[in-house]
Amino acid sequence: MTNSIGDMLQARAFLIIGSNTTEQHPIIGLQIKRAVRRNGAKLILADPRKIELAQFATIHLQHEGGTDIPLLNGLAYVILDENLQDDEFIATRTENFEAWRKVVEQYPPDEVSKITGVPVDDIVAAARMYATNKPAAILYAMGITQHIVGHYNVTALANLAMLTGNVGVPGGGVNPLRGQNNVQGACDVGCLPNVYPGYQKVTDEEVRAKFANFHSNEQPPAKVGLTVIEMMNAMLEGKVRAMYIMGENPALSDPDSNHVRRCLEACEFLVVNEIFLSETAQMADVVLPAAASVEKDGTYTNTERRIQLAHKALDPPGQAKPDWQILCELAKRMGAPEDEWSYSHPSEIMEEIAAVSPIYGGIRYERLEPVGLQWPCWAPEHGGTPILHVGRFTRGLGYFTPVHHQPADELPDDEYPFMLTTGRLLQHWHTGTMTRRVGGLDYLVPEELVEINPIDAEKLGIEDGDWIRVSSRRGEVVARAHVFDRPRPGLVFMTFHFAEALGNVLTNAALDPIAKIPEYKVCAVKVEKLDSPPE
Amino acid sequence: MLHYDRQVTTICPYCGVGCNLNLHIKDDRIVRVTSFYDHPVNRGNLCVKGRFGLEYVHHPDRLTTPLIRRNGRLEPASWDEALGLVAERLNAIKAESGPDSIALLSSAKCSNEDNYLMQKLARQVIGTHNIDHCARL
Ligand code: SF4
Chain A
116 MTNSIGDMLQ ARAFLIIGSN TTEQHPIIGL QIKRAVRRNG AKLILADPRK
166 IELAQFATIH LQHEGGTDIP LLNGLAYVIL DENLQDDEFI ATRTENFEAW
216 RKVVEQYPPD EVSKITGVPV DDIVAAARMY ATNKPAAILY AMGITQHIVG
266 HYNVTALANL AMLTGNVGVP GGGVNPLRGQ NNVQGACDVG CLPNVYPGYQ
316 KVTDEEVRAK FANFHSNEQP PAKVGLTVIE MMNAMLEGKV RAMYIMGENP
366 ALSDPDSNHV RRCLEACEFL VVNEIFLSET AQMADVVLPA AASVEKDGTY
416 TNTERRIQLA HKALDPPGQA KPDWQILCEL AKRMGAPEDE WSYSHPSEIM
466 EEIAAVSPIY GGIRYERLEP VGLQWPCWAP EHGGTPILHV GRFTRGLGYF
516 TPVHHQPADE LPDDEYPFML TTGRLLQHWH TGTMTRRVGG LDYLVPEELV
566 EINPIDAEKL GIEDGDWIRV SSRRGEVVAR AHVFDRPRPG LVFMTFHFAE
616 ALGNVLTNAA LDPIAKIPEY KVCAVKVEKL DSPPE
Chain B
1375 MLHYDRQVTT ICPYCGVGCN LNLHIKDDRI VRVTSFYDHP VNRGNLCVKG
1425 RFGLEYVHHP DRLTTPLIRR NGRLEPASWD EALGLVAERL NAIKAESGPD
1475 SIALLSSAKC SNEDNYLMQK LARQVIGTHN IDHCARL
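Sequence lines, in order, name chains A and B. Residues 116 to 650 in the numbering used here are what the first sequence spells out, letter by letter. Residues 1375 to 1511 in the numbering used here are what the second sequence spells out, letter by letter.
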């Protein structure tokens, strides 16, 4: 997030798109409800489903899946047409405005309405609302990024924020809500194929020299490595022979999971660190038992870039160990220098992270109580950064990048007439490895329920609770139907919490060429009623 | 009134909000979860997962020993044997097919320190940039 959870209460308006905030980031959802109910902030919600936030929305734009760019360009069109832009911000802090404007002019509301299914009046009203209530905060999540145009979707949001000068101010900004508890941190410390810790590019010679000095080894070639989906395919092709997985469950979490299973089966040597024998661990050659987060000291970085300290509360069961210890022992056995892999406590690892990544430069364990620090935190006396881009963008001037509509990779057709979108529920987490082992949560939601609109259900003779088969070009899933008007007509919704009825059997692994994100949020399926329950 | 022996503060293991948890522990079991009202992230609020969702750590399915596949089945092994095997096989595959024939998936559920060492293992010890995690999934 460019901004902080706390400053959201200052927003006069929200544009929330591709984020089911009250279920996926419930405490941020609570803030938004409070801002709307108590402070009278306006809420523009753009989502193909009537999610809980729709009850709080001033306007709900229920656009068709995969049409975010035309919708956002359409909002920009109206703002420019009615002269509601922030001219001073555009003049002093941005560039390429005129070129971008020419592209936006191709998206008048009546055209946009045809592509997105949103009434013209709503597009106009939403644009006015966003531009005239300042500060206005944009919030988004995977509903924006998990498309083949995910990168451009984000660009379109940044353009809107710059157009209205909603950057670098409390209550404004462009705020991605990061999913996992430490997805932000895993990126920050370099678990990405293109960057070293602190987002330092692997292709940059200066950066390589720095790391070569720091660690006594040759650096890998200045070439970006493989992303998850690319790794999977490389295993099938025999180019990647071994895989080491720490605490992830790609057998269920990755798109087109039948294909992913074939890839994992093709892997010659698979090692998994885990707390449970997950579906992926079941396929491994070696499984190493890990400590859960409450069984070790460590830091986690939340969606507002706040690095927070977690304390060990319990001993791990049996012989299980914290991952950092497992990794140290393995590295030494593989021949790594003893002195570069000996840490007596995670705080020493953090000292090393601080030494190699400038944005974490001032992070020390003793500074993290009671409330943590928000990066960039350059030095031991630096107080952290609650809001990014104040007065200046990282690159200097903000660049208006023109973006065009591009239809989703796979759209409904005669054979597969429905659009499937996937997501998660409040009560469960990702592949269910943890939450399905919690009695209370399992009691609340024990099985997959496919959301389908009553209009569609009636045509297919499906009643609430009926068993149905959902199939795509990649596989089929049997589950029960939940008939209610949350998805828009033509759309069905599934999760990936339940191994026995897994949405990801159906999803499309087509990738955004830039961000390499798979298009989970749109694929084509058909829906059939089953006459009898499955065996 | 529930009784507890001690309280320990930690961070919720679920979503990216990063709520602070105050675990109440009795006889080495988590018996109650609360949070502090003055914390800027969640101001004492927790959702159903943070407040009631930690029971999995006590689940009997937890892995307690290393496992090695023998004749198609995963069987318990010692740490020494398991780590020895992993080191030997990874080194052998690296020697035969080069560092890029190995790929590593790190975890958005693990700590910064765990993740840092995972990429250090990839880049320093194995010599590949084939490291990723589920940021996109
Ligand atoms: S308590 Fe709920 S909102 Fe808070 S971090 Fe955990 S899952 Fe997220």
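The C-beta atom is built at its ideal place from N, Cα and C for all residues, glycine as well. Bear in mind the structure is a predicted one, so any value in this text is a computation, not a measurement.
Task: T1384 (chain B) - partner residues in DSSP beta bridges - done: Looking at the DSSP assignment, T1384 (chain B) forms a beta bridge with B:L1395.
Task: Within 9 Å, strictly: CB atoms of V1415 (chain B) and I131 (chain A) - done: No. Outside cutoff.
- [ ] Starting from the C-beta of R293 (chain A), find all residues in its chain whose C-beta is less than 6 Å away, skip the five residues before and the five after it, and write them out in chain order.
- [x] Exclusion of the five residues before and after R293 (chain A) leaves Q299, T418 as the residues of its chain whose Cβ lies within less than 6 Å of its Cβ.
TODO: Could you tell me which of A:A381, A:L379, A:A399, A:L606 sits nearest to V387 (chain A), measuring between CA atoms?
DONE: Taking only the C-alpha atoms, the option nearest V387 (chain A) is A:A399.
- [ ] Indicate the three-state DSSP secondary structure (helix, strand or coil) for M123 (chain A) in the structure shown.
- [x] Of the three classes helix, strand and coil, the one that applies to M123 (chain A) here is helix, per DSSP.
TODO: Keeping to the same chain, check which residues put their C-beta closer than 7 Å to that of K641 (chain A); ignore five residues upstream and five downstream.
DONE: Cβ within range, chain order: E530, Y531, P532, F533, S586.
- [ ] Please check if any C-beta of chain B sits within less than 9 Å of the C-beta of E389 (chain A).
- [x] Cβ-Cβ to chain B under 9 Å: yes for E389 (chain A).
TODO: Thinking L424 (chain A) and Y458 (chain A) are a contact (beta carbons under 8 Å), I'd like their distance in whole angstroms, please.
DONE: That pair is no contact at about 16 Å.
TODO: Have a look at C443 (chain A) and N332 (chain A) and give me their C-alpha separation to the nearest angstrom.
DONE: So the alpha carbons of these two residues sit roughly 16 Å apart.
Task: Contact list for G1458 (chain B) against chain A, beta-carbon separation under 8 Å - done: R448, listed in chain order.
Task: Contacts of A1461 (chain B) in chain A (Cβ-Cβ under 7 Å) - done: By Cβ distance, chain A contributes L445, R448, M449.
Task: CA-to-CA distance, V218 (chain A) to P674 (chain A), given in whole angstroms - done: Nothing in the structure corresponds to residue 674 (chain A), since chain A is present only between 116 and 650.
Open item on the list: Counting only beta-carbon separations shorter than 9 Å, does F171 (chain A) have a partner in chain B?
Closed with: Contact of F171 (chain A) with chain B is not assigned, every C-beta pair being separated by 9 Å or more.
Open item on the list: Taking beta-carbon pairs under 7 Å, can you tell me which members of the region 478-509 of chain A lie near chain B?
Closed with: Taking a C-beta cut-off of 7 Å against chain B, the contacting residues of the region 478-509 of chain A are V486, listed in chain order.
TODO: Kindly indicate which three-state DSSP category K316 (chain A) falls into: helix, strand or coil?
DONE: K316 (chain A): strand per DSSP, three-state reduction.
Open item on the list: Please report the distance separating the alpha-carbon of G288 (chain A) from that of V239 (chain A).
Closed with: If you draw a straight line from the Cα of G288 (chain A) to the Cα of V239 (chain A), it is about 21 Å long.
Open item on the list: Just verifying my parser: in three-state terms, what is the DSSP assignment at R539 (chain A)?
Closed with: Residue state, collapsed to three classes: coil.
Open item on the list: With the cut-off set at 9 Å, would you say D1488 (chain B) and M361 (chain A) are in Cβ contact?
Closed with: Taking the C-beta atoms as reference points, M361 (chain A) is found nearer than 9 Å to D1488 (chain B).
Task: Beta bridge counterpart(s) of V607 (chain A) as assigned by DSSP - done: Per DSSP, A:L535, A:I567.
- [ ] For the alpha helix (DSSP H) holding G590 (chain A), just list the boundary residues, first then last.
- [x] No alpha helix (DSSP H) contains G590 (chain A), which is instead part of the beta strand (DSSP E) from 590-598.
Task: Rounded C-alpha distance that separates A428 (chain A) from F391 (chain A) - done: If you take the alpha carbons of A428 (chain A) and F391 (chain A), they lie about 19 Å apart.
- [ ] State buried or exposed for I570 (chain A), treating a residue as buried only when at least 16 other CB atoms are found within 10 Å of its CB.
- [x] It counts as exposed.
Task: Reduced DSSP secondary structure (H/G/I, E/B, other) of V505 (chain A) - done: Secondary structure of V505 (chain A) (DSSP, three-state): coil.
Open item on the list: Any heavy atom of ligand 1 inside 8 Å of the beta-carbon of H140 (chain A)?
Closed with: Yes.
TODO: Check the Cβ of D1379 (chain B) against every Cβ in chain A and list those closer than 7 Å, keeping chain order.
DONE: Near D1379 (chain B) there are no residues of chain A at all, since even the closest Cβ is about 11 Å away, more than 7 Å.
Task: is_contact[Q125 (chain A), chain B] using C-beta, thresh 9 Å - done: Judged by the 9 Å Cβ criterion, Q125 (chain A) is not in contact with chain B.
- [ ] Report whether the distance from the Cβ of R1425 (chain B) to the nearest heavy atom of ligand 1 is below 8 Å.
- [x] Yes - ligand 1 has a heavy atom lying nearer than 8 Å to the Cβ of R1425 (chain B).
Open item on the list: What residue range does the beta strand (DSSP E) around I205 (chain A) cover?
Closed with: Not the beta strand (DSSP E): I205 (chain A) falls in the alpha helix (DSSP H), residues 202-208.
Open item on the list: I believe L1464 (chain B) touches N1504 (chain B) by the beta-carbon criterion, under 8 Å. Please report the beta-carbon distance rounded to the nearest angstrom.
Closed with: Contact flag wrong, Cβ pair sits at about 12 Å.
- [ ] Check whether the region 625-639 of chain A touches the region 510-517 of chain A, taking contact to mean three or more Cβ pairs, one atom from each stretch, closer than 8 Å.
- [x] Taking 8 Å as the limit for Cβ pairs, the verdict is that the region 510-517 of chain A does not touch the region 625-639 of chain A.
Task: Short CB-CB distance (under 9 Å) between N1445 (chain B) and chain D - done: The chain inventory of the structure shown lacks chain D, comprising the protein chains A and B.
Task: Cutoff 9 Å: R1406 (chain B) Cβ touching any chain A Cβ - done: Chain A contact via Cβ: absent.
- [ ] Inspect the beta-carbon positions of Y1388 (chain B) and M116 (chain A) and report whether they are closer than 9 Å.
- [x] Result no, Cβ atoms of Y1388 (chain B) and M116 (chain A) do not sit closer than 9 Å.
Open item on the list: Against A1469 (chain B), what residues of chain A qualify as contacts under a CB-to-CB distance less than 8 Å, listed in chain order?
Closed with: For A1469 (chain B), there are no C-beta contacts with chain A under 8 Å, since the nearest C-beta of that chain is about 11 Å from it.
Open item on the list: Could you check whether the Cβ of E315 (chain A) sits closer than 9 Å to any Cβ belonging to chain B?
Closed with: The sequence given here places Gln at residue 315 (chain A); Glu does not occur at that position. It does not: the Cβ of Q315 (chain A) has no partner Cβ on chain B nearer than 9 Å.
Task: Neighbour flag for I244 (chain A) against chain B, beta carbons, 9 Å - done: This sequence places Met at residue 244 (chain A); Ile is not what is there. Look at M244 (chain A): its C-beta is not under 9 Å from any C-beta on chain B.
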